[in-house]
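>
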Amino acid sequence: MSNDTILVIRGGAIGDFILTLPVLAALRKRFPGGRIEVLGVPRIAQLAERAGLADAVHNLEERRFAPFFGACGAEAGEAEAVVRGGSLVLSFIHDPERVFETNWTRVSGARWIRGPHRPSDLDSVHASDQLLRPLECLGISSADAVPRMNLALEAAPGPIRELGAWCREHRALAAHPGSGSALKNWPEPSWAALLERCVAQTDLGVLLVGGEAEGDRLNRLAARLPSARLRRAEGLPLGELGAVLSCCGQFIGHDSGITHLAAAVGVPVLALWGPSVVEVWRPRGDRVRVLRHPLGLPAITVESVMEPLAAARD
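Quick note: to get my numbering, add 1359 to the position in the sequence shown (first position is 1).
As structure tokens, then:
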């Protein structure tokens, strides 16, 4: 790291990180000659590096950073290149007693700016706007609060490029029938009915998206669809998944990090929304639509989902 390096510390899940991308974009715009590094969860934070919003990513969970979480103080040690290298730190980690901050600034001498670990549900302001607020002390205001990423398919391995090409050719509907919570999921029978109807009434391909924990659900849904109209994207690195999603005609999912990823790469998104505060946590973008029902997710009908999907194709 060099003296003009800005370090952004951000843990959390996929959606949390994607909603922090406008912070990185605003810093890049404000300090075009500076170097931006991220200390976080590499499998997630590497999205920023791949999108050109960060120059390097460090693993917050590595042993060399553990002493900074302790009340007994810390020395730079093996983390010296990261700790002493930057002049500005913008932190979004959970540090209520400011232990990490105290240890870090004592060793590094860097300017420290605190941001919210988790945006407030009590604030009617969207999470990405709340995350941008700490930048005001740097003279950054009116920044674009919409997460945006250009994840080029050409940079992906051959099989991923082939999958993206298939999605583009078949104007694929990408469907992610899972999330981090069962309370946020539309019932599986509704998903099955929706996908069967899409195959019967359109010529679209279907891309089933999921992680390892969603494999059984994807297997059951895939068994109901013709193989020629179906592809699967399971457990892909997020950068590769984002590149594939950018080739799809539409995306449908829940309140999840993958839905935020789809919105950030610009694909038309229909988010089936559950109990989260929509004003704070909805995915952002001109091509995003959120569908809710006063009685909850199970009350959303297949017909009410088909209508916005059809409108997005027109």
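Virtual Cβ for every residue (Gly too), placed ideally from N, Cα, C.
Note that the structure is predicted; figures quoted are calculated from it, not measured.
Between the C-alpha atoms of E1408 and V1416, what's the straight-line distance to the nearest angstrom?
7 Å
> Report the three-state DSSP secondary structure of G1471 (helix, strand or coil).
Checking the displayed sequence, the identity of residue 1471 turns out to be Trp instead of Gly. Three-state DSSP puts W1471 in a strand.
> Run through DSSP, which three-state label would R1409 get?
Assigned with DSSP and collapsed to three states, R1409 falls in helix.
> Figure out for me which residue from R1651, D1503, T1364 and E1599 has the closest Cα to the Cα of W1632.
R1651
> Taking C-alpha atoms, which residue in P1426, F1451, H1476 and C1496 lies nearest to W1463?
P1426
> When the Cα atoms are used, what is the spatial distance from E1456 to G1539?
A straight line joining the alpha-carbon of E1456 with that of G1539 spans about 28 Å.
> With DSSP collapsed to three states, give me the class of L1566.
strand
> Count the CB pairs spanning the stretch 1621-1628 and the stretch 1592-1610 that are closer than 8 Å, and state whether there are at least three.
yes
> In the DSSP assignment, find the unbroken alpha helix (DSSP H) run with G1399 in it and report its ends.
Element bounds for G1399: not the alpha helix (DSSP H) but the beta strand (DSSP E), R1394 to G1399.
> Whole angstroms are fine: how far does the CA of L1668 sit from the CA of M1360?
In this predicted model, M1360 has a pLDDT of only 39, less than 50, meaning its place in the structure is not dependable; the value taken from the coordinates is given anyway. Roughly 47 Å between the two C-alpha positions.
> DSSP has I1611 in a bridge; who is on the other side?
A1534 and L1629
> My assumption, with CB atoms under 8 Å, is that P1391 sits in contact with N1418. Please give the rounded CB distance.
About 27 Å; that fails the 8 Å criterion.
> Does DSSP put T1364 in a helix, a strand or coil?
Residue state, collapsed to three classes: strand.
> Do the stretch 1616-1624 and the stretch 1499-1510 make contact, defined as three or more Cβ pairs closer than 8 Å?
yes
> Which value, in whole angstroms, describes the spacing of the CA atoms of E1571 and S1501?
For E1571 and S1501, the distance between alpha carbons rounds to 39 Å.
> Is the beta carbon of I1395 sitting closer than 8 Å to the one on R1387?
yes
> Compare the C-alpha of D1645 against each of E1662, L1654 and H1619 and name the closest.
Across the set E1662, L1654 and H1619, the C-alpha of H1619 shows the shortest separation from the C-alpha of D1645.
> Verify whether the separation of the beta carbon atoms of E1599 and L1577 is less than 8 Å.
Going by beta carbons, E1599 and L1577 fall outside the 8 Å limit.
> When burial is assigned at 16 or more other CB atoms within 10 Å of the CB, is G1444 buried or exposed?
Residue burial is scored here from C-beta neighbours: G1444 has at least 16 other C-beta atoms within 10 angstroms and is therefore classed as buried.
> For the candidate residues L1595, A1658 and S1479, whose alpha-carbon lies nearest to that of L1640?
Reading the sequence as shown, one finds Trp at residue 1640 and not Leu. Distances from the CA of W1640 to each of L1595, A1658 and S1479 were compared; the closest alpha carbon is that of S1479.
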